[in-house]
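Protein chains in written order, with this note's numbering: chain A, 243 to 721; chain B, -4 to 298.
A virtual CB, placed ideally from N, CA and C, is assigned to each residue, including glycine.
Please read these numbers as outputs of a predicted model, since none were measured by experiment.
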Amino acid sequence: MQAASREGSVSARPSPLATALKDAVASGIITWFLLLPLVGFRATESGSGPLGLTYRFGLVTIFALVVLGLRLTLHLTIWRPGRVKRAAGTPSVLSTVGERLAPFAKPAFFGIAIAYPALAILASGGLSESRYWVDLGVYIGSYVMLGWGLNIVVGLAGLLDLGYVAFYAVGAYAFALLSTSVPLNAFFDAHVGEGFWAAWSFWVCLPVCGILAAFWGVILGFPVLRLRGDYLAIVTLAFGEIIRLVLTNWTDLTNGGAGIASIPPISFFGMPFSAADNGFAATFGLTFDPMHRIIFLYFVILGLSALTALVTLRLRRMPVGRAWEALREDEIACRSLGINTTLTKLTAFATGAMFGGFAGAFFAVRVRFVSPESFTFVDSAMILAIVVLGGMGSQIGVAAAAVFMIGGMEMLRNLTFLKSDWLLGPDFDPTLYRMLIFGFAMVAVMVWRPRGLVSSRMATIFLKQRKKVSGDLVKEGHG
Amino acid sequence: MRHWEADPILMVDRLTMQFGGLIAVNDVSFSVGRGDVTALIGPNGAGKTTAFNCITGFYKPTLGRLALSHGVPATDDELEALTSNGKAAAVTKGGSLFLLERLPDHKVSSAAKVARTFQNIRLFSGMTVLENLMVAQHTRLTRSGLLSPSALINLPSWQRQEKEGMAKALHWLELVDLVDRADDPAGDLPYGDQRRLEIARAMCSDPVLLCLDEPAAGLNPRESAALNSLLLSIRADHGTSVLLIEHDMSVVMEISDHVIVLEYGSKIADGTPKEVRADPAVIAAYLGVDEEAVADVEAEVGL
């Protein structure tokens, strides 16, 4: 008897879709009327005259539709009757999708990275029209490289470095000072050939900048690496600021806040990107176009990033790389196994700093102007955010995070459709809100993937099968 | 003369460790015999782990000398010479001599070849079992430098070195019966396996003296028995001397050649397991005594 009545009630209940639809439509209508006086009418000043009333029914409708859509989605997913909650420990939908896509991620990433300028030119319909996109690619590329450099220090060795931009600045200023140096120019003109320094300075200075940055990494590392965790972070933060303040105030050497301008542009291994007869275009029988230089810059940063990635990959498989990761896992156990922790931390710091220095030299030759304003704490924080968001230690994750963060921030500039009269009006400036939107996006990613986009770690050596180590077991390191 | 006095690998002389007003280890002297299994026992808080941390370089003792000799034990003259010249290591006629209290902690393992395990297991849990054993061979694999070019560009000479390292790791994986788990993260292993892996990791650093801090803690009787045979095989096949702290008397009495008992930071007994078991001071320290026997025991221990 009882069972029969229960069955009856079940059959009488309307289908979940209908309930969801009814609720969603009702909420949408309520929202529309609720927002009508709040958003729909707007008093605007028309010149000197009285206040005029403008109507924004379109915006109200859009808000109502957003509410309708969201409630419908919630009803069909999270609020669905009889939904079984996922047990802790079973992989989430996001991570299963990630696992499926993982084998294709790397080839796809490399393919797109190499073909990017060609794709940009095809998509925008011309060499000069593609300038914005190739420039963006170069910009993202430098952050990928910086992320990979910092990844060695933070992701592998587990040392929290909040002043990474200091090494970027060392590299940039080293190149700026050397390439604009008059005595050096005169020396090479006299001994090697006229115009040698202007054409070759980048290629000669690149290793020098890396070595100088590594040297400063050691100088900083030596006294501070006995500190751990928060204390190390504070000292590296201070170091970043000190470098910036020295650059601002040592006007004799660095020209202070005015910066160093007229840095010689990059050359195609000695061939200038100019309309001259010995220029790149003339030599290869092309018509001169300023875009050649930008596309070349793109491939230079691609090559430098690839170098960073390959060296890191190799170092991870060497005893020193394993010692870095062991240091992140347990410093005391490392000491009991005879690992010199100070020296090991110093190598991590210096290696990371060296790649920062390379990136800095590239920055100087790309922008052809350096000033202390380019090396603020915000840049350090941005690079660190890329590493943390990407998943500490994972190269592909860091690259994806750099594309997402730098590219995403840039794309937020382009939300011009919000300016239409139907939406927020021409006075609305989407670029003002990009930091806010960006912050929300970061929070969302961190809620769903607290260990970053790629949270697992690949073993560096294996007996039978290379396995992934889940992020839950991998430690973050405490300085 | 007893074996551990005739052929000591480690001589602890008047070791004292003071933390502010607390004297954790007070004037303790003992020797660890070459090729022996030596147990350091005592009630909780007796200063066993502190003594251990001094020997393995994690603490710098307040006072005392820790002399470790490779090869033939150093003569008294050689020991005196090294003690007075202020250096940490010396080459002696029959081998080499190290004063552990003067070495930085990583040198205690890399130069003096003293390896240790921890009371609360300290594995690299996010690395695989095999990686743990490769990290342990750091000293040997970085002989040609931390950033040696041959390793950086993967030359055959490096590949050969790495292969040797793999072979050594595999050898120890077989001994502790973890070959099937070689590619699993160390943090995923069950507790008993983690204990064995930690011993294998310590052994991969080629020690002459292996210090184990409560290796049988948390093991069931069968795992304990397996541990006993592992420790005996380490001594027999690898010639490594073993110094262990242990509360599990089945392990201590069964495998050790020499037992040292600490209580309140001082040594109260030192001898073979049989002697120590019969020692009234030890019985008093562990079990307490009947009320009427207190005076006798106090007289005997000299209170």
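- Could you tell me whether the region 117 to 127 of chain B touches the region 701 to 717 of chain A, where touching means 3 or more Cβ pairs closer than 8 Å? yes
- Message: Starting from residue 591 (chain A), trace the alpha helix (DSSP H) in both directions and tell me its first and last residue.
- Response: 583 to 609
- Query: How about residue 123 (chain B): is its C-beta nearer than 8 Å to some C-beta of chain A?
  - Reply: yes
- When the Cα atoms are used, what is the spatial distance from residue 151 (chain B) to residue 320 (chain A)? 57 Å
- Message: What are the residues in the region 691 to 703 of chain A lying within 8 Å of chain B by C-beta distance?
- Response: 699, 701, 702 and 703
- Query: How close, in whole Å, do the beta carbons of residue 226 (chain B) and residue 255 (chain B) come, if the pair is a contact with beta carbons under 8 Å?
  - Reply: In fact, because the Cβ distance is near 17 Å, the residues do not count as touching under 8 Å.
- Quick check: the region 598 to 613 of chain A against the region 361 to 375 of chain A, are there 3 or more CB pairs under 8 Å? With a cut-off of 8 Å on Cβ pairs, the region 598 to 613 of chain A is not in contact with the region 361 to 375 of chain A, counting fewer than three such pairs.
- Closest Cβ-Cβ distance between residue 180 (chain B) and chain A: below 8 Å? yes
- With DSSP as the reference, label residue 297 (chain A) as helix, strand or coil. Residue 297 (chain A): strand per DSSP, three-state reduction.
- Message: If I measure Cβ to Cβ from residue 592 (chain A) and keep anything under 6 Å in the same chain, skipping five residues before and after, which residues do I get?
- Response: The residues are 456, 459 and 460.
- Task: Assign residue 154 (chain B) to buried or exposed, taking buried as 16 or more other Cβ atoms, counted over all protein chains shown, within 10 Å of its Cβ.
- Result: exposed
- Message: Give me the residue from B:21, B:31, B:20 and B:16 with the minimum Cα distance to residue -1 (chain B).
- Response: Out of B:21, B:31, B:20 and B:16, the CA that lies nearest to the CA of residue -1 (chain B) is found in B:31.
- Considering only residues of the same chain and omitting the five flanking positions on each side of residue 530 (chain A), which have a CB-CB separation below 8 Å? 516, 517, 521, 523 and 524
- Straight-line CA distance for residue 137 (chain B) to residue 576 (chain A)? Whole-angstrom Cα-Cα distance: 14 Å.
- Which of the residues in the region 126 to 144 of chain B, read from start to end, lie with their CB under 7 Å from any CB of chain A? 126, 129, 130, 131, 133, 134, 136, 137, 141 and 142
- Could you check if residue 166 (chain B) is buried or exposed, using at least 16 other CB atoms within 10 Å of its CB as the buried criterion? Flag for residue 166 (chain B) reads exposed.
- Query: How long is the line joining the alpha carbons of residue 436 (chain A) and residue 594 (chain A), rounded to whole angstroms?
  - Reply: 36 Å
- Message: So the candidates are A:535, A:313 and A:301; which of them puts its Cα closest to the Cα of residue 369 (chain A)?
- Response: Answer by Cα proximity: A:535.
- With a threshold of 16 other CB atoms inside 10 Å of the CB of residue 245 (chain A), please say whether the residue is buried or exposed. In this predicted model, residue 245 (chain A) has a pLDDT of only 46, less than 50, meaning its place in the structure is not dependable; the value taken from the coordinates is given anyway. Residue 245 (chain A) should be labelled exposed.
- Item | Expected contact under 8 Å - CB spacing of residue 15 (chain B) and residue 236 (chain B) to nearest Å | Not really, about 33 Å apart at Cβ, beyond 8 Å.
- Minimum Cβ-Cβ distance from residue 200 (chain B) to chain A less than 8 Å: yes
- Of all the residues that make up the region 76 to 95 of chain B, which are near chain A by a beta-carbon distance shorter than 7 Å? The region 76 to 95 of chain B vs chain A, Cβ under 7 Å: nothing.
- Return the bridge partner residues of residue 710 (chain A) from the DSSP annotation. Per DSSP, A:700.
- Message: Please tell me whether residue 561 (chain A) has its Cβ less than 8 Å away from any Cβ of chain B.
- Response: yes
- Where residue 158 (chain B) falls, given that 16 or more other Cβ within 10 Å makes a residue buried: exposed
- Message: Taking 8 Å as the cut-off, does the region 500 to 516 of chain A touch the region 607 to 624 of chain A (at least 3 CB pairs, one atom from each stretch)?
- Response: yes
- Taking Cβ positions, are residue 543 (chain A) and residue 653 (chain A) nearer each other than 8 Å? no
- Unbroken alpha helix (DSSP H) run spanning residue 113 (chain B), endpoints: First-last for residue 113 (chain B): undefined, no H or E at that position.
- Item | Within chain A, the residues that residue 117 (chain B) reaches when beta carbons sit closer than 7 Å | 572, 574 and 575
- With contact counted as at least three CB pairs below 8 Å, one residue from each stretch, are the region 138 to 148 of chain B and the region 86 to 94 of chain B in contact? no
- Task: Answer yes if the region 477 to 491 of chain A comes into contact with the region 0 to 8 of chain B, meaning at least three C-beta pairs across the two stretches below 8 Å, and no otherwise.
- Result: no
- Item | Segment limits, beta strand (DSSP E) that includes residue 12 (chain B) | 3 to 14
- Task: With a 10 Å radius around its C-beta and 16 neighbouring C-beta atoms as the bar for buried, classify residue 305 (chain A) as buried or exposed.
- Result: Within a 10 Å sphere around the beta-carbon of residue 305 (chain A) sit 16 or more other beta-carbons, which makes this residue buried.
- Message: Against chain A, with Cβ distances strictly below 8 Å, would residue 177 (chain B) count as a contact?
- Response: By this cut-off, residue 177 (chain B) is an interface position.
- Backbone CA spacing between residue 464 (chain A) and residue 96 (chain B) [nearest angstrom]: Per the coordinates, the alpha-carbon of residue 464 (chain A) lies some 24 Å from the alpha-carbon of residue 96 (chain B).
- Query: Is it buried or exposed for residue 346 (chain A), if we count other Cβ within 10 angstroms and need 16 for buried?
  - Reply: exposed
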